[in-house]
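Below is one structure, written out as C-alpha coordinates; the observations come after it.
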Amino acid sequence: FNGHALTIQWFGTTCLAITYKKQTILLDPFFNRPSLLQILSPFSYQPNPQVVDQWLITLPEESKLEAILTSHSHYDHILDAPYLLEKTQAHFYGSETAIHIIHSPQINSERLHRIDYKKKFTRGDFKITPFAGEHPPHIFNYIWANGKRDKPLKKPAPLYQYKMGKVYNF
(Lines of atoms letter the chains of each structure in order from A and count residues from 1; the text may use other names and numbers.)
(Lines give C-alpha, C1' and ligand atoms only; values in the text may rest on other atoms or scores of the structure.)
Protein backbone atom coordinates (compact mmCIF):
# COMPACT_ATOMS: atom_id res chain seq x y z
CA PHE A 1 0.00 0.00 0.00
CA ASN A 2 1.43 3.34 -1.09
CA GLY A 3 -0.07 6.16 0.99
CA HIS A 4 -0.85 8.13 -2.19
CA ALA A 5 -2.25 5.29 -4.29
CA LEU A 6 -5.98 5.00 -4.80
CA THR A 7 -7.28 1.57 -3.82
CA ILE A 8 -10.79 0.22 -4.13
CA GLN A 9 -11.94 -2.91 -2.32
CA TRP A 10 -15.24 -4.65 -3.00
CA PHE A 11 -16.88 -6.37 -0.04
CA GLY A 12 -19.92 -7.74 -1.87
CA THR A 13 -23.34 -6.31 -2.74
CA THR A 14 -22.55 -2.59 -3.22
CA CYS A 15 -20.12 -2.24 -0.31
CA LEU A 16 -16.91 -0.54 -1.44
CA ALA A 17 -13.94 0.85 0.49
CA ILE A 18 -12.06 3.60 -1.33
CA THR A 19 -8.70 4.55 0.16
CA TYR A 20 -6.50 7.48 -0.82
CA LYS A 21 -3.68 9.12 1.17
CA LYS A 22 -4.40 6.81 4.13
CA GLN A 23 -8.02 7.97 4.26
CA THR A 24 -10.90 5.59 3.58
CA ILE A 25 -14.53 6.15 2.70
CA LEU A 26 -16.91 3.23 2.89
CA LEU A 27 -19.96 2.99 0.64
CA ASP A 28 -23.02 0.98 1.71
CA PRO A 29 -21.56 -0.97 4.67
CA PHE A 30 -23.03 -4.46 4.59
CA PHE A 31 -20.87 -7.30 5.92
CA ASN A 32 -23.36 -9.47 7.82
CA ARG A 33 -25.45 -11.65 5.53
CA PRO A 34 -28.83 -12.58 7.02
CA SER A 35 -30.49 -15.73 5.69
CA LEU A 36 -33.65 -15.54 3.59
CA LEU A 37 -35.64 -16.65 6.65
CA GLN A 38 -34.15 -13.80 8.70
CA ILE A 39 -34.90 -11.31 5.90
CA LEU A 40 -38.56 -12.34 5.72
CA SER A 41 -38.97 -12.73 9.48
CA PRO A 42 -41.07 -10.29 11.54
CA PHE A 43 -38.52 -10.75 14.35
CA SER A 44 -35.59 -8.45 15.03
CA TYR A 45 -32.21 -9.11 13.45
CA GLN A 46 -29.01 -8.34 15.34
CA PRO A 47 -25.84 -8.05 13.20
CA ASN A 48 -22.68 -9.73 14.49
CA PRO A 49 -19.89 -7.18 15.20
CA GLN A 50 -17.21 -9.87 14.80
CA VAL A 51 -18.17 -10.30 11.13
CA VAL A 52 -17.59 -6.57 10.55
CA ASP A 53 -14.27 -6.68 12.42
CA GLN A 54 -13.04 -9.55 10.22
CA TRP A 55 -13.64 -7.49 7.08
CA LEU A 56 -12.18 -4.28 8.50
CA ILE A 57 -8.78 -5.84 9.09
CA THR A 58 -8.48 -6.20 5.30
CA LEU A 59 -8.39 -2.40 4.83
CA PRO A 60 -4.97 -0.94 4.05
CA GLU A 61 -2.78 -0.61 7.14
CA GLU A 62 -2.73 2.79 8.80
CA SER A 63 -5.75 3.99 6.85
CA LYS A 64 -8.38 5.93 8.78
CA LEU A 65 -12.09 5.48 8.13
CA GLU A 66 -13.16 9.07 7.40
CA ALA A 67 -16.68 8.64 6.08
CA ILE A 68 -19.51 6.21 5.56
CA LEU A 69 -21.88 6.95 2.67
CA THR A 70 -25.09 5.15 1.88
CA SER A 71 -26.86 5.06 -1.47
CA HIS A 72 -30.18 4.28 0.24
CA SER A 73 -31.41 2.78 3.48
CA HIS A 74 -32.39 -0.81 2.75
CA TYR A 75 -30.76 -3.16 5.27
CA ASP A 76 -28.31 -4.51 2.66
CA HIS A 77 -26.76 -1.04 2.29
CA ILE A 78 -26.74 0.30 5.85
CA LEU A 79 -27.02 -2.61 8.32
CA ASP A 80 -23.49 -2.44 9.71
CA ALA A 81 -23.10 1.36 9.72
CA PRO A 82 -24.19 1.91 13.36
CA TYR A 83 -21.53 -0.48 14.66
CA LEU A 84 -18.87 1.16 12.46
CA LEU A 85 -19.84 4.60 13.75
CA GLU A 86 -19.65 3.41 17.35
CA LYS A 87 -16.24 1.80 16.73
CA THR A 88 -14.63 4.68 14.78
CA GLN A 89 -14.75 8.46 14.52
CA ALA A 90 -16.05 8.32 10.95
CA HIS A 91 -18.75 10.70 9.76
CA PHE A 92 -21.96 9.38 8.19
CA TYR A 93 -23.63 10.83 5.07
CA GLY A 94 -27.11 9.83 3.94
CA SER A 95 -30.77 10.74 3.58
CA GLU A 96 -33.07 11.80 6.40
CA THR A 97 -34.35 8.21 6.51
CA ALA A 98 -30.77 6.92 6.78
CA ILE A 99 -30.08 9.30 9.69
CA HIS A 100 -33.18 7.94 11.48
CA ILE A 101 -31.95 4.39 10.94
CA ILE A 102 -28.40 5.17 12.12
CA HIS A 103 -29.52 7.15 15.17
CA SER A 104 -28.11 5.84 18.44
CA PRO A 105 -27.28 7.41 21.81
CA GLN A 106 -23.72 6.05 21.36
CA ILE A 107 -23.16 8.11 18.19
CA ASN A 108 -22.54 11.85 18.37
CA SER A 109 -25.22 13.46 16.18
CA GLU A 110 -22.62 15.99 14.93
CA ARG A 111 -21.12 13.11 12.91
CA LEU A 112 -24.41 12.44 11.08
CA HIS A 113 -24.88 14.50 7.92
CA ARG A 114 -28.03 14.70 5.80
CA ILE A 115 -27.16 15.02 2.13
CA ASP A 116 -29.14 16.05 -0.91
CA TYR A 117 -28.85 15.80 -4.66
CA LYS A 118 -26.04 17.80 -6.29
CA LYS A 119 -24.98 19.37 -2.96
CA LYS A 120 -21.25 18.69 -2.90
CA PHE A 121 -19.35 18.03 0.31
CA THR A 122 -15.77 17.29 1.29
CA ARG A 123 -14.41 14.78 3.77
CA GLY A 124 -10.64 14.62 4.11
CA ASP A 125 -9.18 14.62 0.59
CA PHE A 126 -12.42 13.35 -0.94
CA LYS A 127 -14.79 15.67 -2.82
CA ILE A 128 -18.16 13.99 -3.12
CA THR A 129 -21.27 14.83 -5.12
CA PRO A 130 -24.52 12.93 -4.51
CA PHE A 131 -26.74 12.52 -7.58
CA ALA A 132 -30.33 11.31 -7.76
CA GLY A 133 -30.56 7.56 -8.13
CA GLU A 134 -33.37 5.15 -8.83
CA HIS A 135 -33.93 1.77 -7.22
CA PRO A 136 -35.00 -0.98 -9.62
CA PRO A 137 -37.96 -3.15 -8.64
CA HIS A 138 -37.20 -6.30 -6.68
CA ILE A 139 -39.92 -8.49 -8.22
CA PHE A 140 -43.14 -7.92 -10.18
CA ASN A 141 -42.48 -4.17 -10.36
CA TYR A 142 -42.47 -3.97 -6.53
CA ILE A 143 -39.77 -2.36 -4.38
CA TRP A 144 -39.53 -4.03 -0.98
CA ALA A 145 -39.46 -1.70 2.07
CA ASN A 146 -40.22 1.36 -0.03
CA GLY A 147 -40.92 4.63 1.75
CA LYS A 148 -39.14 6.62 4.41
CA ARG A 149 -38.73 6.85 8.17
CA ASP A 150 -39.80 9.94 10.11
CA LYS A 151 -38.44 8.83 13.48
CA PRO A 152 -35.45 6.84 14.77
CA LEU A 153 -35.40 3.09 14.29
CA LYS A 154 -35.17 1.22 17.57
CA LYS A 155 -32.59 -1.54 17.11
CA PRO A 156 -32.43 -4.44 16.87
CA ALA A 157 -35.30 -4.33 14.38
CA PRO A 158 -36.86 -6.54 11.72
CA LEU A 159 -35.16 -5.97 8.37
CA TYR A 160 -38.36 -4.80 6.64
CA GLN A 161 -38.24 -1.67 8.86
CA TYR A 162 -35.10 -0.46 7.05
CA LYS A 163 -37.07 1.75 4.64
CA MET A 164 -35.44 2.85 1.38
CA GLY A 165 -35.64 6.66 1.69
CA LYS A 166 -33.96 8.77 -1.01
CA VAL A 167 -31.64 7.00 -3.45
CA TYR A 168 -28.21 8.42 -4.34
CA ASN A 169 -25.39 7.75 -6.75
CA PHE A 170 -21.98 9.20 -5.89
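Add 15 to the 1-based position in the sequence shown for this note's numbering, that's all there is to it. Ideal Cβ placement from N, Cα and C applies to all residues, glycine included.
Local Cβ density within 10 Å of residue i, reported as buried at 16 or more and exposed below that
i    : result
N63  : exposed
N47  : buried
T85  : buried
L42  : buried
K178 : buried
F45  : buried
T39  : buried
A20  : exposed
Check whether residue i and residue j have beta carbons under 8 Å apart
i    : j    : result
L74  : T103 : no
S59  : S88  : no
I72  : A105 : no
I122 : P151 : no
G27  : T112 : no
R126 : F141 : no
Q61  : P167 : no
Opposing strand residues paired with residue i [DSSP bridges]
i    : result
K79  : Q38
H153 : H153 is not bridged to any residue.
F107 : I83, L127
R48  : Bridge partners of R48: none, in fact.
R138 : F141
A1   : Residue 1 lies beyond the residue range present for the chain, which begins at 16 and ends at 185; the question has no answer from this structure.
Q24  : A32
F146 : N184
Backbone secondary structure at residue i - three-state DSSP
i    : result
Q61  : coil
I93  : helix
W70  : helix
T29  : coil
A113 : helix
I158 : coil
Q53  : helix
Heavy atom of the ligand ADP within 7 Å of residue i beta-carbon
i    : result
L127 : As presented, the structure is devoid of all ligands, the ligand ADP included, so that no description of it is given.
Query raised in the report: Taking contact to mean at least 3 C-beta pairs separated by less than 8 Å, is the region 144 to 164 in contact with the region 123 to 134?
Result: yes
Query raised in the report: Counting pairs of beta carbons, one from the region 36 to 53 and one from the region 155 to 163, are three or more of them closer than 8 Å?
Result: no
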